[in-house]
Amino acid sequence: MKNNDQRSSLFWFAVGLAVAAASGKYGLGTPSAPGPGFLPFLTGLVMMGLAALVFFQQAGGRVKNGLTDLWSTKGWTAVVMVMGALVLYTLLLRTLGFLLDTFWLLAFLLRVMEPRSWGKTLIGAALASGGSYIIFQVWLQAQLPAGFLGF
Amino acid sequence: MDILNNILLGFQVALAPMNLFFCFLGVLIGTLVGVLPGLGPVAAMSLLLPSTFHVSPVAAVIMLAGIYYGAMYGGSTTSILVNIPGEAASVVTCLDGYQMARKGRAGPALGMAAFGSFIAGTVSIIGLMFLAPPLAEMALKFGPPEYFSLMLLGLVILTFLAGGSMTKALLMAAFGLFLGLVGMDIMTATPRFTLGFYFLTDGVGLVPVVMGLFGISEVLINVEAGLKQEVFQTKIKNLLPTLKDWKDSIWPILRGSVIGFFLGILPGGGAVISSFVSYAVEKKVSKHPEKFGTGIIEGVAGPESANNAATGGAFIPLFTLGLPSNAVMAMLLGALIIYGMQPGPMLIKQHPDLFWGAVTSMYIGNVMLLVLNLPLIGLWVKILKIPYPVLFPLILLFCLIGVYSLNNNVAEIGLMLVFGGLGYLMKKFDYEAAPLVLALVLGPMMEHALRQSLIMSNGSPAIFFTRPISLVICLGVLTLLVLPLLPWVKKKREVVAEMGEDD
């Protein structure tokens, strides 16, 4: 395999295959009375066809690149950290409640790209989480999750 | 006379204090998100959608529309002062706008961008007022086969106009279509592809998908690149352009307005494409094309007018056919459905207050933007100076709250993160998100129209080719699919794609 378009096309081919295969169980119906699986099945086939086209369009091409070409800078570690923090935030939201969960997330994110003093970080996180709590929970009554502390 | 009565009705609605307030709020938020790189109108609209549930649909639509055209105004500010386009539609403004700022002429550049946008916005609203009602009448002749063909055409045009590979854009449209089919089947009530998640029975939510693909992924890309913007250190003075500036700009503005309006009607990135086309046209008709890119005012006036005019044009397919032409309009379509309205040819007849109120509010909004933009440029510059390491946690926080408060469901935050990750990878591997979003919205409508058509024809796909309107549309689809195979079109598309990458 020579390049990233071919790699990604394999992923989409697999998605198309899974969609087409799973459509069968919902019932394809007949052309005069299409079932719930009819259009998903066609969509899966189209995805497979287009993914194959991407793969073969690139087969004769001269472009040669690898996954490392896409992540050549060190910045990708920040991406992993931000994404990891967001996943953890989502998992803990019901348990910790909005205020506490948002406070630690913001404190963490404020230090991801640029090191700054803990004092500034904590004050910034407290102001932003507290401010958004007042706007969305108190004023707009958005019913944010309360958590074990009750807020 | 009819149109005069309608305009009067529109002004009556738009000038109601509540609607006026929401119009102001919309254009203010729009300008703000336009100014901030990495937060666009789509993300802002999805963020604010839940908060509009408490107000009347007219006020909500007025505000959401304000965000859209307000963002086009704001986008030019970052292009001129930071050389970073706040919006994709302002990419081309960087070329001459930033050079003007470097020469100490940031003031006239910003001023002319605002005046040009105002004139173009006005032209496009007038076009919308006169074109939409007759088009809606015509659309009443459309049956399911015509609608299906038209939606297919919309998707194919969007992929044709997409920057990179058309095959990849079509692939994204197909994936979006599949996502649109997830959830309860409309005819048999069978839940499909829900993977055991109850919240997916209602379908894949537009807001989490859009916030993920446009909001989260953009933040991830910027965090990875270590985005640090520097505002050009210059005193902004003389915002009012000189007589010579006006003389140089008036024709580019008028040409840009017409180009933008008509390209805006076409599905797919109307504002972006029209700004590029306007720049190219101005360069072609100019007596001194070599000066483009060195900081001349025509290079700012034309494209900025075009991208604003395109916003007016983009409302036409939504209000007349119920079909969105880009991701922003898809958001607005979703909003109208949530408010209990059926966008389509009957919308203007059934809800004249909504249509005429929204259209005239755009006129008022344009005046507000002019008043807002010129004196507030200093404030926008200050906001631009907020460093990205401080800004991005706040953007993420708004995304999290926005998605959660839609249905008070943590699972939808998870869904947003999945699409955030996917959007990040799509950007890395050069896949466009816009066709996916448009297909996601059109998915259920397309399925309904397809199944109705096949039932009507007893299973024969010939129905799409035997009805005249549908046949013409299908021929359009085929032409667009075949065109990129022709060598000269292929070459032209490659050049445009390279231009996009360079910027």
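Chains G and P, in that order, give the protein sequences. If you number the first sequence the way my numbering does, the last residue is 1088 and the count never jumps. If you number the second sequence the way my numbering does, the last residue is 909 and the count never jumps. Heads up, the beta-carbon is just placed ideally off N, CA and C, and yes, glycines get one too.
Checking 8 Å against the spacing of the C-beta atoms, do F950 (chain G) and A996 (chain G) come in under that value? Working through the first sequence from its first residue, we reach residue 950 (chain G) at position 13. Working through the first sequence from its first residue, we reach residue 996 (chain G) at position 59. Taking a C-beta distance under 8 Å as the contact criterion, F950 (chain G) and A996 (chain G) do not qualify as a contact pair.
Can you list, in chain order, the stretches of the alpha helix (DSSP H) that have 4 or more residues and sit fully within the segment 436–519 of chain P? Within the segment 436–519 of chain P, the complete alpha helix (DSSP H) runs of at least 4 residues are 447–454, 463–488 and 499–508.
Looking at C-alpha atoms only, which residue of P:S859, P:L889 and P:N815 is the closest neighbour of S555 (chain P)? The residue you call residue 555 (chain P) lines up with position 149 of the second sequence. Just measuring C-alpha positions, the residue of P:S859, P:L889 and P:N815 sitting nearest S555 (chain P) is P:S859.
Pairwise C-alpha distance: G503 (chain P) and Q1080 (chain G): Taking the first sequence and counting its residues from 1, the one referred to as residue 1080 (chain G) is at position 143. Taking the second sequence and counting its residues from 1, the one referred to as residue 503 (chain P) is at position 97. Near 45 Å, if we compare the C-alpha coordinates of G503 (chain P) and Q1080 (chain G).
So that I know if they touch, is there some Cβ in chain P lying closer than 8 Å to that of W1055 (chain G)? In the first sequence, residue 1055 (chain G) corresponds to position 118, counting from 1. No, because no Cβ of chain P sits closer than 8 Å to the Cβ of W1055 (chain G).
Per-residue DSSP class, three states only, for R1048 (chain G): Position 111 of the first sequence, counted from the first residue, corresponds to residue 1048 (chain G). Coil.
Return yes when the Cβ of S711 (chain P) is within less than 8 Å of the Cβ of S663 (chain P), no when it is not. As a position in the second sequence, residue 663 (chain P) is number 257, starting the count at 1. As a position in the second sequence, residue 711 (chain P) is number 305, starting the count at 1. The Cβ atoms of S663 (chain P) and S711 (chain P) sit closer than 8 Å to each other.
Is it a yes or a no for the segment 484–501 of chain P touching the segment 692–711 of chain P, going by three-plus beta-carbon pairs under 8 Å? Yes: at least three Cβ pairs fall under 8 Å.
For V1075 (chain G), which residues in chain P fall below 7 Å Cβ to Cβ? Translated into the one-based positions of the first sequence, residue 1075 (chain G) becomes position 138. Neighbours of V1075 (chain G) in chain P, taken as residues whose beta carbon is under 7 Å from its own, are absent, since the nearest beta carbon is some 13 Å off.
Out of curiosity, what's the CA-to-CA distance linking N425 (chain P) and V991 (chain G)? Numbered from 1 along the second sequence, position 19 holds the residue referred to as residue 425 (chain P). Numbered from 1 along the first sequence, position 54 holds the residue referred to as residue 991 (chain G). If you take the alpha carbons of N425 (chain P) and V991 (chain G), they lie about 49 Å apart.
Local conformation of G966 (chain G) per DSSP, three classes: In the first sequence, the residue the question calls residue 966 (chain G) occupies position 29. In the displayed model, G966 (chain G) falls within a strand according to three-state DSSP.
Strand pairing of M424 (chain P), partner residues [DSSP]: Sequence index remark: in the second sequence, residue 424 (chain P) carries index 18 (1-based). In the DSSP output, where bridge partners are listed per residue, M424 (chain P) has none listed.
Hey, V706 (chain P) and M518 (chain P): beta-carbon distance below 8 Å or not? Position 300 of the second sequence, counting from 1, holds the residue named residue 706 (chain P). Position 112 of the second sequence, counting from 1, holds the residue named residue 518 (chain P). With respect to M518 (chain P), V706 (chain P) sits close: the two C-beta atoms are nearer than 8 Å.
By the three-class DSSP mapping on this structure, what secondary structure does M984 (chain G) have? Position 47 of the first sequence, counted from the start, is the residue given in the question as residue 984 (chain G). M984 (chain G) falls in the helix class under three-state DSSP.
Under a three-way DSSP split, which group does R944 (chain G) fall into? Within the first sequence, the letter at position 7 stands for residue 944 (chain G). DSSP places R944 (chain G) in helix when its eight states are reduced to three.
Under 8 Å Cβ-Cβ, which residues of chain G neighbour V796 (chain P)? On the second sequence, residue 796 (chain P) is found 390 positions in, with the first residue counted as 1. Against chain G, the beta carbon of V796 (chain P) has neighbours under 8 Å at L1047 and G1061, listed in chain order.
Identity of the residue in P:I875, P:S681 and P:K574 nearest S946 (chain G) by Cα: For the purposes of this step, residue 946 (chain G) is taken as residue 9 along the first sequence, with counting starting at 1. Nearest option by C-alpha distance: P:K574.
Proximal residues, the segment 537–563 of chain P versus chain G, C-beta separation under 8 Å: Under the 8 Å Cβ criterion, the segment 537–563 of chain P contributes no residue.
Does D909 (chain P) have its Cβ less than 8 Å from a Cβ in chain G? Stepping through the second sequence from its first residue, residue 909 (chain P) is reached at position 503. For D909 (chain P), the predicted structure reports a pLDDT of 37, less than 50, and the residue's modelled location is therefore unreliable. A value from the coordinates is still provided. Taking 8 Å as the CB threshold, D909 (chain P) stays off the interface with chain G.
Run through DSSP, which three-state label would G1056 (chain G) get? Here residue 1056 (chain G) refers to the residue found at position 119 when the first sequence is read from its first residue. For G1056 (chain G), the secondary structure class from DSSP, reduced to helix, strand or coil, is helix.
Applying the criterion that 16 or more other CB atoms from any shown protein chain within 10 Å of the CB defines a buried residue, is V843 (chain P) buried or exposed? For the purposes of this step, residue 843 (chain P) is taken as residue 437 along the second sequence, with counting starting at 1. Looking at its Cβ environment, which holds 16 or more other Cβ atoms inside 10 Å, V843 (chain P) is buried.
Length at least 4, wholly inside the segment 818–870 of chain P: the alpha helix (DSSP H) runs in chain order: Entirely contained in the segment 818–870 of chain P, the alpha helix (DSSP H) runs reaching 4 residues are, in chain order, 840–862.
Would you list, in chain order, the members of the segment 447–462 of chain P that have their beta-carbon closer than 9 Å to a beta-carbon of chain G? Going along the segment 447–462 of chain P in chain order, one finds P456, S457 and H460 with a Cβ nearer than 9 Å to chain G.
Pairwise C-alpha distance: A720 (chain P) and S530 (chain P): Mapped onto the second sequence, residue 530 (chain P) falls at position 124. Mapped onto the second sequence, residue 720 (chain P) falls at position 314. S530 (chain P) and A720 (chain P) have their C-alpha atoms some 10 Å from each other.
Please name the residue, chosen from P:L887, P:E624, P:W894 and P:L892, that lies closest to F566 (chain P) on a Cα-to-Cα basis. In the second sequence, counting from the first residue as 1, residue 566 (chain P) sits at position 160. Nearest C-alpha to F566 (chain P): P:L887.
Please report the straight-line C-alpha distance between S623 (chain P) and M506 (chain P), rounded to a whole angstrom. The sequence position of residue 623 (chain P) within the second sequence is 217, counting from 1. The sequence position of residue 506 (chain P) within the second sequence is 100, counting from 1. Rounded to the nearest angstrom, the gap between the Cα atoms of S623 (chain P) and M506 (chain P) is 32 Å.
Expressed to the nearest angstrom, what Euclidean distance is found between the alpha-carbon atoms of I1060 (chain G) and L1043 (chain G)? Indexing the first sequence from 1 puts residue 1060 (chain G) at position 123. Indexing the first sequence from 1 puts residue 1043 (chain G) at position 106. Cα to Cα, I1060 (chain G) sits roughly 10 Å from L1043 (chain G).
Rounded C-alpha distance that separates L445 (chain P) from F620 (chain P): Within the second sequence, the letter at position 39 stands for residue 445 (chain P). Within the second sequence, the letter at position 214 stands for residue 620 (chain P). Rounded to the nearest angstrom, the two C-alpha atoms are 8 Å apart.
Have a look at the DSSP bridge pairing and note the partners of M590 (chain P). For this step, residue 590 (chain P) is matched to residue 184 along the second sequence. Answer is P:P597, bridged to M590 (chain P).
Under 8 Å between the Cβ atoms of P1082 (chain G) and T596 (chain P)? Residue numbering aside, residue 1082 (chain G) sits at position 145 when the first sequence is read from its first letter. Residue numbering aside, residue 596 (chain P) sits at position 190 when the second sequence is read from its first letter. Contact flag unset, no.
Just reading off the alpha helix (DSSP H) that T1095 (chain G) is part of, what are its end residues? Outside the shown range of chain G (938 to 1088) lies residue 1095 (chain G), about which nothing can therefore be said.
Candidates P:N779, P:M557, P:A420 and P:V691: which alpha carbon is nearest V441 (chain P)'s? Working through the second sequence from its first residue, we reach residue 441 (chain P) at position 35. When only C-alpha atoms are compared, the closest one is P:N779.
In this structure, does DSSP put P1082 (chain G) in helix, strand or coil? As a first step, residue 1082 (chain G) is located in the first sequence; it is residue number 145 there, counting from the start. Coil.
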